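S.K.:
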């Protein structure tokens with residue numbers, strides 16, 4: 121069993137920055153792909169960024185050049201560095217762990233609000 125705990129959300133002004141963290145329990149973190157998703161009110165959950173167990177990354181077009189996903193296997197933690205935040209980035213952000221598509225876990229979510 122894997123538990124994911126997100127932290128780092130909050131209120132930030134447009135143009136500001138936040139870093140989200142996702143701390144994982146269990147023994148499969150190093151072998152799992154990690155992702156950050158978000159869900160805004162009235163919208164579907166969408167992929168923001170993903171980093172594979174081999175450290176390959178991909179991003180949604182809407183965040184390319186502004187967000188950076190990373191991972192620290194020694195700390196079993198994934199990060200999402202968010203810069204140049206926009207009001208449309210406001211959403212609940214969820215951490216996701218995926219091991220061979222058979223073991224998929226979600227965190228509880230953390231609210232990010234971008235507003236002046």
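Residue numbers (this note's numbering): 121 to 236. Note that beta-carbon positions come from the ideal geometry of N, C-alpha and C, so glycine has one too. Treat the numbers as computed from the prediction; the structure is a model and nothing was measured.
Am I right that residue 151 and residue 173 are in contact with their C-beta atoms under 8 Å? What's the rounded C-beta distance?
M.R.: For the purposes of this step, residue 151 is identified with residue 31 of the chain shown, where counting begins at 1. For the purposes of this step, residue 173 is identified with residue 53 of the chain shown, where counting begins at 1. That pair is a contact at about 5 Å.
S.K.: Taking three-plus beta-carbon pairs below 8 Å as touching, is the stretch 199 to 217 in contact with the stretch 156 to 168?
M.R.: With a cut-off of 8 Å, the stretch 156 to 168 and the stretch 199 to 217 count as touching, because enough Cβ pairs lie within range.
S.K.: So which of 232, 224, 233 and 234 has the shortest CA-CA distance to residue 153?
M.R.: Numbered from its first residue, the chain shown carries residue 153 at position 33. The option with the nearest alpha carbon to residue 153 is 224.
S.K.: Within 10 angstroms of the Cβ of residue 149, are there 16 or more other Cβ atoms? Answer buried if so, exposed if not.
M.R.: Counting from one through the chain shown, the residue named residue 149 turns up at place 29. Residue 149 comes out buried.
S.K.: Tell me the DSSP secondary structure of residue 150 in three-state form.
M.R.: For the purposes of this step, residue 150 is identified with residue 30 of the chain shown, where counting begins at 1. Helix at residue 150.
S.K.: Give me the DSSP bridge partner(s) of residue 178.
M.R.: Within the chain shown, the letter at position 58 stands for residue 178. DSSP lists 170 as partners of residue 178.
S.K.: Name the one or two DSSP bridge partners that residue 216 has.
M.R.: Within the chain shown, residue 216 is the residue found at index 96, counting from 1. According to DSSP, which records beta bridges pairwise, residue 216 is partnered with 155 and 226.
S.K.: Using only alpha-carbon positions, find the residue among 127, 207, 197 and 129 that is nearest to residue 135.
M.R.: Along the chain shown, one-based indexing puts residue 135 at 15. The candidate whose alpha carbon is nearest that of residue 135 is 207.
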